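Protein chains: 2
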Amino acid sequence: MGEGIGSVEKAGRVGWKQDPEGVRSNIVAVAMAEFAQNGLSGARIDEIAAKTLTSKRMIYYYFGDKEGLYRTVLEEAYRKVRSGEQELDLEHLEPDAALARLVEFTFDHHSSNPDFIRIVMIENIHHGAYLEQSDLIATMNEGAIRKLEQICARGRAAGLFRPEIEPLELHWMISALSFFNVSNRPTFSRIFGAALFRPDGQKILRGHAVEMVMRFVMA
Amino acid sequence: MGEGIGSVEKAGRVGWKQDPEGVRSNIVAVAMAEFAQNGLSGARIDEIAAKTLTSKRMIYYYFGDKEGLYRTVLEEAYRKVRSGEQELDLEHLEPDAALARLVEFTFDHHSSNPDFIRIVMIENIHHGAYLEQSDLIATMNEGAIRKLEQICARGRAAGLFRPEIEPLELHWMISALSFFNVSNRPTFSRIFGAALFRPDGQKILRGHAVEMVMRFVMA
DNA sequence: CCAACAATGTACGGGGCGGTTAATTATGTC
DNA sequence: GACATAATTAACCGCCCCGTACATTGTTGG
Chain Y
5 MGEGIGSVEK
15 AGRVGWKQDP
25 EGVRSNIVAV
35 AMAEFAQNGL
45 SGARIDEIAA
55 KTLTSKRMIY
65 YYFGDKEGLY
75 RTVLEEAYRK
85 VRSGEQELDL
95 EHLEPDAALA
105 RLVEFTFDHH
115 SSNPDFIRIV
125 MIENIHHGAY
135 LEQSDLIATM
145 NEGAIRKLEQ
155 ICARGRAAGL
165 FRPEIEPLEL
175 HWMISALSFF
185 NVSNRPTFSR
195 IFGAALFRPD
205 GQKILRGHAV
215 EMVMRFVMA
Chain R
5 MGEGIGSVEK
15 AGRVGWKQDP
25 EGVRSNIVAV
35 AMAEFAQNGL
45 SGARIDEIAA
55 KTLTSKRMIY
65 YYFGDKEGLY
75 RTVLEEAYRK
85 VRSGEQELDL
95 EHLEPDAALA
105 RLVEFTFDHH
115 SSNPDFIRIV
125 MIENIHHGAY
135 LEQSDLIATM
145 NEGAIRKLEQ
155 ICARGRAAGL
165 FRPEIEPLEL
175 HWMISALSFF
185 NVSNRPTFSR
195 IFGAALFRPD
205 GQKILRGHAV
215 EMVMRFVMA
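Here the protein sequences line up with chains Y and R, keeping their order.
The first sequence begins at 5 in the working numbering and counts up by one.
The second sequence begins at 5 in the working numbering and counts up by one.
The following block contains the structure:
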């Protein structure tokens with residue numbers, strides 16, 4: 005958060021400088037936080053504008069309407085998150101170590117990007133209606149499967165993994181455990197206590213996630 | 005849906021009959037569908053009233069305001085769902101069979117109650133703020149853990165399960181797989197295709213959920 | 001049968017909020 | 001340096017939608 009604001013300053017804007025990219029990215033950053041916090045219909049354009057370094061008019065100038073802004077935020081959220089995933093190099097690890105590493109990474113990654121999780125939750129509430137209009141996102145996520153395919157192929161070749169393991173189904177499992185851990189934290193902790201979501205509890209759950217996946221794939 | 009309407013009739017209400025319970029439950033039923041569909045801020049009181057057999061005035065008469073109605077819907081959703089869980093008798097099954105059965109039941113149960121899932125999603129978006137005000141729900145859910153505790157104890161005693169297995173953590177896993185399968189269906193299927201969510205795909209995922217849990221707990 | 005109260009219907013107000021209009025200032029171009 | 005165009009501002013509009021005031025009709029108890 006707070007990134008991409010550039011050198012724009014709000015106070016003392018007497019004779020302003022033009023900075024389209026800065027204004028644009030500033031709006032998106034603020035809007036992402038607001039949408040993540042309040043949902044599509046819950047977010048207020050006036051509120052977003054107020055927290056921006058610019059005015060409400062600019063939102064409509066660049067994004068047309070509320071939904072246009074939301075779509076942009078959605079794409080940006082996916083882009084920002086997926087970009088962090090590329091740093092991971094799993095090729096030099098043994099298949100089992102690589103898979104364990106991937107699970108740990110996904111778990112931590114989701115955990116440290118709650119706003120992304122919330123945006124995806126909101127998008128699911130809307131039946132994925134806005135995601136549908138963006139083919140950019142679909143292509144981005146294919147890369148996530150690619151990594152799993154390679155690990156599975158190597159694991160199968162080494163006789164470590166069961167041959168019938170499907171990468172997509174594996175991805176479903178890993179996502180489920182990592183996503184739920186963040187998305188349902190409020191209700192789960194309200195009902196069953198917050199211990200599992202404090203640091204040591206999270207370490208346990210992360211370990212369980214790894215162990216579940218590993219036990220599942222192992223021959 | 006459509007339950008609890010009773011004998012109230014909308015058309016031809018010339019000389020109306022008083023039916024507080026019928027009116028009340030009818031409002032809640034309609035509101036649950038609307039909130040599940042559109043969220044708290046997305047749902048429209050006028051829309052709810054229109055789909056009701058009564059008038060908007062009654063909503064405020066019985067529930068005070070929009071949030072009061074939402075709280076009632078939330079409690080009712082939990083009550084309705086948990087009530088279906090009691091039918092399951094696991095005591096006469098071997099611990100491993102009982103656990104597998106519980107996973108299957110939870111998976112199917114979530115799958116066939118999408119409106120409940122959506123309400124919980126919405127509540128999580130609101131940080132569980134409304135759940136907090138209801139201790140009824142917390143006590144109701146303790147029963148869900150109770151079943152797992154008994155299964156674990158028996159499994160451990162029989163030497164089938166690992167001794168360090170924690171019932172609450174087990175519940176977390178089972179919930180994660182079952183919940184995610186419904187909650188993230190729109191985005192997941194939009195990105196990776198809908199095959200996993202068609203009947204045969206669901207059978208596979210359900211089997212994987214069972215297998216993951218079983219392999220995890222087994223000694 | 002008649003209060004007194006509970007339950008319901010109708011109509012309306014007020015403000016929040018998405019979106020717009022018109023003017024004003026910067027920036028690039030010939 | 002003048003002109004076209006992009007970027008930005010401030011004020012404003014209209015309607016959607018939550019909530020309410022008031023009237024009206026059942027219900028119940030003495």
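Here a beta-carbon is modelled for each residue, glycine too, at the ideal position from N, C-alpha and C.
Please read these numbers as outputs of a predicted model, since none were measured by experiment.
Spatial neighbours of leucine 92 of chain R in its own chain (CB-CB distance under 6 Å, excluding positions within 5 residues in sequence) are listed in chain order as Phe109. Taking a beta-carbon distance threshold of 9 Å, arginine 210 of chain Y does not count as an interface residue toward chain R. Counting of Cβ neighbours within 10 angstroms places arginine 202 of chain Y among the exposed residues, the total staying below 16. A residue is called buried when at least 16 other Cβ atoms come within 10 angstroms of its Cβ; histidine 212 of chain R meets this threshold and is buried. Listed along the chain, the chain R residues whose CB falls inside 8 Å of the CB of threonine 191 of chain Y are Val124, Glu127, Asn128, Gly132, Leu135. Of all residues in the segment 172-190 of chain R, those with a C-beta nearer than 8 Å to a C-beta of chain Y are Leu172, Glu173, His175, Trp176, Met177, Ser179, Ala180, Leu181, Phe183, Phe184, Asn185, Ser187, Asn188, Arg189, Pro190, reading in chain order.
Annotation: tyrosine 134 of chain Y is outside any alpha helix (DSSP H) and is labelled neither H nor E by DSSP. Comparing alpha carbon positions, the residue from R/Tyr82, R/Gly205, R/Cys156 closest to leucine 174 of chain R is R/Cys156.
For the C-beta of glycine 43 of chain R, the chain Y residues within less than 7 Å are, from N- to C-terminus, Gly43, Ser45, Ile129.
As the crow flies, the alpha-carbon of serine 115 of chain R is around 6 Å from that of valine 186 of chain R. For the pair leucine 152 of chain Y and proline 171 of chain Y, the CB atoms are nearer than the 9 Å cut-off. Within the model, the alpha-carbon separation for tryptophan 176 of chain R versus lysine 55 of chain R is close to 37 Å. Among the CB atoms of chain R, none fall inside 9 Å of the CB of phenylalanine 165 of chain Y.
Under the Cβ distance rule, leucine 200 of chain R counts among the residues neighbouring chain Y, one pair being separated by less than 9 Å. For methionine 216 of chain Y, at least one C-beta of chain R is nearer than 9 Å to its own C-beta. Interface residue (Cβ-Cβ distance to chain R less than 9 Å): isoleucine 155 of chain Y is not classified as such. When R/Val85, R/Glu95, R/Glu25, R/Val124 are compared, the shortest CA-CA separation from phenylalanine 39 of chain R is found for R/Val124. Using beta-carbon distances, asparagine 117 of chain R does not count as an interface residue toward chain Y, since no partner is under 9 Å.
By the Cβ-count criterion, threonine 143 of chain R is exposed, with fewer than 16 other Cβ atoms from all chains shown falling within 10 Å of its own Cβ.
Here alanine 33 of chain R is actually not in contact with isoleucine 52 of chain R; their C-beta atoms are around 10 Å apart, not less than 8 Å. Taking all protein chains shown into account, histidine 130 of chain R has 16 or more neighbouring C-beta atoms within 10 Å of its C-beta and is therefore buried.
Using beta-carbon distances, phenylalanine 109 of chain R does not count as an interface residue toward chain Y, since no partner is under 9 Å.
Counting C-beta atoms within 10 angstroms of its own C-beta, serine 87 of chain R has fewer than 16 neighbours from the protein chains shown and is therefore classed as exposed. Here glycine 132 of chain R is buried, its C-beta having at least 16 other C-beta atoms within 10 Å.
As for any alpha helix (DSSP H) of minimum length 4 sitting wholly inside the segment 115-197 of chain R, the runs are 118-129, 139-161, 171-187, 189-196, ordered along the chain. Chain-ordered listing is empty here: chain Y has no CB closer than 8 Å to the CB of phenylalanine 39 of chain R, the nearest sitting near 11 Å.
Distance from the Cα of isoleucine 63 of chain R is smallest, within the candidate group R/Leu209, R/Ile31, R/Glu127, R/Asn42, for R/Ile31. Not flagged as an interface residue toward chain R: phenylalanine 120 of chain Y, since no C-beta distance is shorter than 9 Å.
In the DSSP assignment, methionine 222 of chain R is bridged to R/Phe165. For glycine 46 of chain Y, the three-state secondary structure derived from DSSP is coil. Exposure of alanine 161 of chain R is indicated by the presence of fewer than 16 other C-beta atoms within 10 angstroms of its C-beta.
Residue environment analysis places arginine 158 of chain Y among the buried positions, since at least 16 neighbouring C-beta atoms fall within 10 angstroms of its C-beta. In this structure arginine 75 of chain R touches tyrosine 134 of chain R by the C-beta definition: roughly 5 Å separates them, less than 8 Å. For leucine 209 of chain R, the secondary structure class from DSSP, reduced to helix, strand or coil, is helix.
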